[in-house]
Amino acid sequence: MRVKNVVLIGFMGTGKSTVGKVLAGRLGWQFVDTDQKVEERQGMTISEMFATLGESAFRQTESETLDSVLEQSSQVISTGGGAILAERNRLSMKKDGYVIALKAAAETIIERVKHDQSRPLVQGDVEERVHKLLESRRNAYDFADLIIDTTGVSVEEIVEQIIAST
Ligand code: S3P
Numbered sequence: 007m008r009v010k011n012v013v014l015i016g017f018m019g020t021g022k023s024t025v026g027k028v029l030a031g032r033l034g035w036q037f038v039d040t041d042q043k044v045e046e047r048q049g050m051t052i053s054e055m056f057a058t059l060g061e062s063a064f065r066q067t068e069s070e071t072l073d074s075v076l077e078q079s080s081q082v083i084s085t086g087g088g089a090i091l092a093e094r095n096r097l098s099m100k101k102d103g104y105v106i107a108l109k110a111a112a113e114t115i116i117e118r119v120k121h122d123q124s125r126p127l128v129q130g131d132v133e134e135r136v137h138k139l140l141e142s143r144r145n146a147y148d149f150a151d152l153i154i155d156t157t158g159v160s161v162e163e164i165v166e167q168i169i170a171s172t
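Per the numbering used here, the sequence shown starts with residue 7, numbered consecutively.
In structure tokens, the structure reads:
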């Protein structure tokens, strides 16, 4: 890999962490999950952060965390699904990483997130919330250097595709 970092972006439940861990293993690189780093930095879960500090405080910590992670190199970085909403984050991802967007069908996403309480934006009527958020982020991930439709593709195949593309 000639790139400094690989940055995985994509909606919740598109497989960023799963793919990222396998890819990092293959490359012998560090796997970093920005959601996890945000939780460590703040000393609370993302749900607690949304509930007590609000989404904008979470977004601020997310941007600061991303900046600090991107200072290092040889990492596969899995980002939270909304990290791409801030232009400053899109710019820093592109500057210090090779950005890969993972896409998945709405039905697949719903199946993966529906029993998960750790994602505050898709609690309650999960189907409706996923569809609405997907709609509002329709082209938000398209600034990536590589876009992978994961439908019917195994994790191994996705990893191969990424390695072959760099
Ligand atoms: C979010 C996605 C989550 C997490 C937070 C907000 C979003 O990350 O950062 O709940 O806005 O799409 P994952 O994509 O890892 O679930």
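Each residue gets a CB set at the ideal place from its N, CA and C atoms; glycine is no exception.
When every heavy atom of the ligand S3P is checked, does at least one fall within less than 6 Å of the C-beta of residue i?
i: D173; result: The chain is shown only over 7 to 172; residue 173 falls outside these bounds and no answer can be derived.
i: L180; result: No answer is possible for residue 180: it lies beyond the span of the chain, which begins at 7 and ends at 172.
i: M18; result: yes
i: L127; result: yes
i: I52; result: yes
i: G34; result: no
i: G26; result: no
i: G86; result: yes
Run through the DSSP bridge pairs and tell me what residue i is partnered with.
i: F37; result: V82
i: K109; result: D155
i: N11; result: Q81
i: Y104; result: V12
Give the single residue among the options whose Cα lies nearest to the Cα of residue i.
i: I164; options: V13, V25, M7 and G16; result: V25
i: V28; options: A111, S79, E162 and E46; result: E162
i: G158; options: A146, Q129 and T20; result: T20
i: I153; options: S171, L140 and I106; result: I106
i: G88; options: S62, R8, Q36 and D151; result: S62
i: R96; options: G49, D122, P126 and L72; result: L72
i: K22; options: K43, K100, T85 and E68; result: T85
i: S53; options: S160, P126, L108 and R118; result: P126
i: G34; options: M7, K43 and A146; result: M7
What did DSSP end up calling residue i once you bin it into helix, strand or coil?
i: G6; result: Since the first residue of the chain shown is 7 and the last is 172, residue 6 is not available in this structure.
i: F56; result: helix
i: R144; result: coil
i: M50; result: coil
i: L76; result: coil
Contact between the segment 132–144 and the segment 36–49 is defined here as three or more beta-carbon pairs at a separation below 8 Å; is this criterion met?
Judged by Cβ distances under 8 Å, the segment 132–144 makes no contact with the segment 36–49, as fewer than three pairs qualify.
Using 8 Å as the cut-off, can you tell me whether the segment 65–82 makes contact with the segment 11–20, which would need three or more C-beta pairs spanning the two stretches below that distance?
With three or more CB-CB distances shorter than 8 Å, the segment 65–82 counts as touching the segment 11–20.
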